[in-house]
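To start, the structure under review is shown below, and the notes come after it.
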Amino acid sequence: MKVLAMSQAQWYLLEHEGQLYLDVLCRHNNRFMIQLNGQEMAEYRRSGNLFLERLARDIQYAVPILKGARSSFQGRDQRRQLGELATTAECEWLAAKEAEQ
């Protein structure tokens, strides 16, 4: 897994085995990570990080991590399966960026 982009530690765009994932910081330091679907991939190709900013904000406002929350993102969280890989990639990426400065 590798980090492709990051926005002020609010979200990370990650690639793993040819798939793209958006890992979003939600309330109370909880993270929510989705695999981009076909429609989201197409929009990302069209609009780039501007689309990711909107998608991350939508995830944050939908609060899909709360039990009982009604959200279109419900059931899409990939942190259980890929969270450890994502966290490792994000920490290594941040360390490399700090070393560059």
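First residue of the sequence shown: -17, per this note's numbering; consecutive thereafter.
Positions of the beta carbon are idealized from the N, C-alpha and C atoms, including for glycine.
How many angstroms separate the CA atom of residue i from the CA atom of residue j?
i, j, result
"Ala24", "Ala77", "31 Å"
"Asp40", "Ile16", "12 Å"
"Arg28", "Asp5", "20 Å"
"Leu32", "Gln1", "19 Å"
Using DSSP bridges, identify the partner residues of residue i.
i, result
"Phe14", "Val6"
"Ala68", "DSSP lists no partner for Ala68."
Looking only at its chain, what residues have a beta carbon closer than 8 Å to the beta carbon of residue i, apart from the 5 residues adjacent to it on each side?
i, result
"Thr70", "Met(-17)"
"Leu67", "Met(-17) and His(-2)"
For a test of the three-state rule: what should DSSP assign to residue i, helix, strand or coil?
i, result
"Glu164", "Here the chain comprises residues numbered -17 to 83, so residue 164 is not present and cannot be evaluated."
"Ala(-13)", "strand"
Check whether the Cβ atoms of residue i and residue j sit closer than 8 Å, and answer yes or no.
i, j, result
"Phe14", "Arg61", "yes"
Take residue i and list the residues in its own chain whose beta-carbon comes closer than 6 Å to its own, dropping the five residues that flank it on each side.
i, result
"Ala44", "Ser53 and Phe55"
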